[in-house]
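Below is one structure, written out as structure tokens, with a few remarks after it.
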Amino acid sequence: MTGISGHALTDSEKKFLHQENIGGVILFSRNYKTPNQLATLINSIQDLRRDRPLFIGVDQEGGRVQRFKDPFKRIPPMQDIGLLGSMDICVQVHKLIAHELSCVGVNLSFAPVCDILTNPKNKVIGDRAFSSETKEVGRYALAAIQGLSSKGIISVAKHFPGHGDTEKDSHYDLPVIQKSIEEMRSCELIPFKMVAQSSDTDMILMAHLQIDALDKDNITTTSKACYDFLRSELGYQGPIISDDMEMKAIFDKFTPEEASMKAFKAGCDILVYRSMNNAQKAYDGLCTLVGSGKISYEELCQKKSRIIDLKKKRLQSYRPISLSHRESILDLEESKHFLKELEKKITEKKNQVSV
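Its first residue numbered 107, the sequence shown is counted upward by one per residue in the numbering used here.
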């Protein structure tokens with residue numbers, strides 16, 4: 107999956123997406139101006155598909171991680187949702203998010219966050235986490251996935267093996283987790299095991315972390331041991347997608363060509379690059395890897411099969427988004443009322459907690 111530069115595709119972006127049969131596009135705030143513009147952009151991306159629709163993904167968690175704003179609804183942070191103790195509310199929140207995304211043609215949400223906020227100094231996760239309680243996080247994550255999938259949105263559970271007990275931010279540095287496997291089994295891994303065993307879970311995202319208990323020689327993104335652990339111990343058989351491969355935790359250590367080859371060979375199925383320039387370099391690295399025979403035909407087929415199976419399940423076809431009344435669809439009175447009541451409940455709960 108690659109990022110693109112602006113509000114519309116350039117000729118070179120069109121060429122790369124179509125010619126190399128790229129699997130998907132990740133969108134950011136820089137790609138959004140209005141719902142109509144966004145729907146037009148996504149239609150133009152899907153027009154380049156050869157057969158199956160492309161993944162069109164975005165980080166639209168709510169709180170401080172929400173790429174599309176007005177007239178998209180401002181969603182409270184997941185920590186506030188977790189305070190309410192209601193899985194049904196969590197489902198409804200994610201149905202609302204999914205409805206708005208599907209209105210403009212987005213079909214994948216990089217959510218839910220399955221990290222447990224066990225370190226209060228952790229700013230990168232912070233209020234993005236549902237809770238500091240292990241099983242609560244798992245239950246909320248499953249509720250979020252239920253809400254997203256009910257409207258046809260692909261979910262991405264993140265950030266495996268768990269980013270909650272870190273102080274460094276992988277956007278800027280390599281976080282190190284110094285816990286034993288036994289400690290992780292009783293904490294970080296519980297929500298991921300819960301989502302890994304759910305048939306509704308579409309993807310799991312591999313974070314950029316250093317966890318010596320799993321692999322002291324490689325960061326998680328390039329560690330075969332970490333991918334094997336997710337598949338064997340947690341029993342997860344769906345696609346594994348990388349976090350943004352341009353985060354400094356990995357980008358400062360390897361070239362895009364090197365990183366893509368290492369991650370792909372280790373077990374990653376889908377690589378994410380926020381800029382097309384680096385996505386092209388990474389693609390060249392994968393071509394070199396395949397051409398050299400250092401990855402088997404069987405491994406390639408397994409990766410492709412996982413992706414195709416998911417696209418068959420969630421993206422049977424693509425019907426161009428009609429551009430009429432996009433804003434009015436996003437401006438439903440029902441949604442406004444729901445969020446107003448939600449904010450009231452959150453305020454009441456916080457007042458109760460502070461007393």
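By construction, the Cβ of each residue, glycine as well, lies at the ideal position given by its N, Cα and C atoms.
Other residues of its chain near residue i: CB distance less than 7 angstroms, five sequence neighbours each side excluded
i, result
"Gln386", "Phe122"
"Arg245", "Met193"
"Pro345", "Met309, Asp375, Ile376, Arg412, Ile413 and Leu416"
"Ser238", "Ile222, Leu223 and Thr224"
"Asn384", "Glu352 and Pro362"
"Lys241", "Ile296"
"Asp390", "Glu363"
Beta-carbon gap between residue i and residue j smaller than 8 angstroms
i, j, result
"Gly253", "Glu294", "no"
"Leu207", "Phe266", "no"
"Val199", "Ala247", "no"
"Asp221", "Ser261", "no"
"Ala388", "Glu363", "yes"
"Ile283", "Leu315", "yes"
"Ile452", "Leu202", "no"
"Asp279", "Lys354", "yes"
"Cys196", "Ala249", "yes"
"His120", "Leu154", "It should be noted that the sequence gives Lys, not His, for residue 120. Cβ distance < 8 angstroms, so Lys120 and Leu154 count as in contact."
"Pro177", "Leu436", "yes"
"Val131", "Ile151", "yes"
"Gln303", "Asp233", "no"
Rounded C-alpha distance that separates residue i from residue j
i, j, result
"Lys442", "Lys179", "8 angstroms"
"Ser255", "Leu336", "22 angstroms"
"Gly169", "Phe370", "32 angstroms"
"Thr108", "Ile162", "10 angstroms"
"Ala114", "Leu147", "6 angstroms"
"Cys332", "Ser192", "33 angstroms"
"Ser460", "Gly258", "38 angstroms"
"Ser118", "Gly373", "30 angstroms"
"Ala313", "Lys264", "7 angstroms"
"Ile427", "Ser381", "25 angstroms"
"Tyr379", "Gln458", "43 angstroms"
"Lys456", "Pro183", "13 angstroms"
"Asp157", "Val396", "22 angstroms"
"Glu99", "Glu454", "No answer is possible for residue 99: the residues shown for the chain start at 107 and end at 461."
"Tyr403", "Pro281", "34 angstroms"
"Phe444", "Ile187", "13 angstroms"
"Ser398", "Ile317", "30 angstroms"
"Met290", "Cys407", "32 angstroms"
"Thr116", "Ile128", "15 angstroms"
Integer-rounded CB distance, given that residue j should sit under 8 angstroms from residue i
i, j, result
"Ala319", "Ser286", "5 angstroms"
"Arg173", "Ser135", "5 angstroms"
"Met367", "Leu392", "7 angstroms"
"Val230", "Pro297", "That belief does not hold up - the Cβ atoms of Val230 and Pro297 are roughly 17 angstroms apart, past 8 angstroms."
"Asp321", "Ile251", "The Cβ separation is near 28 angstroms, so there is no contact."
"Glu167", "Ala217", "5 angstroms"
Where residue i sits in the DSSP three-state scheme
i, result
"Phe360", "coil"
"Leu311", "strand"
"Tyr379", "strand"
"His205", "helix"
"Ser402", "coil"
"Val197", "helix"
"Ser215", "strand"
"Ser111", "coil"
"Tyr250", "Tyr is not the amino acid found at residue 250; the sequence shown has Ala there. Residue state, collapsed to three classes: helix."
"Asp349", "strand"
Neighbourhood of residue i by C-beta, 6 angstroms cutoff - its chain only, sequence neighbours within 5 removed
i, result
"Leu133", "Val164"
"Leu144", "Tyr138 and Val210"
"Thr328", "Lys368, Ala369 and Ala372"
"Ala365", "Met351 and Ile356"
The ligand NAP heavy atom lying under 7 angstroms from the CB of residue i
i, result
"Arg337", "Absent from the structure shown: the ligand NAP. Ligands present: none."
Residues of its chain near residue i, where Cβ-Cβ distance is below 8 angstroms and the 5 sequence neighbours each way are ignored
i, result
"Gly112", "Arg136 and Asn137"
"Asn213", "Pro159, Phe161, Ile162, Gly163, Leu207, Gly258, Ile259, Ile260, Arg420 and Leu421"
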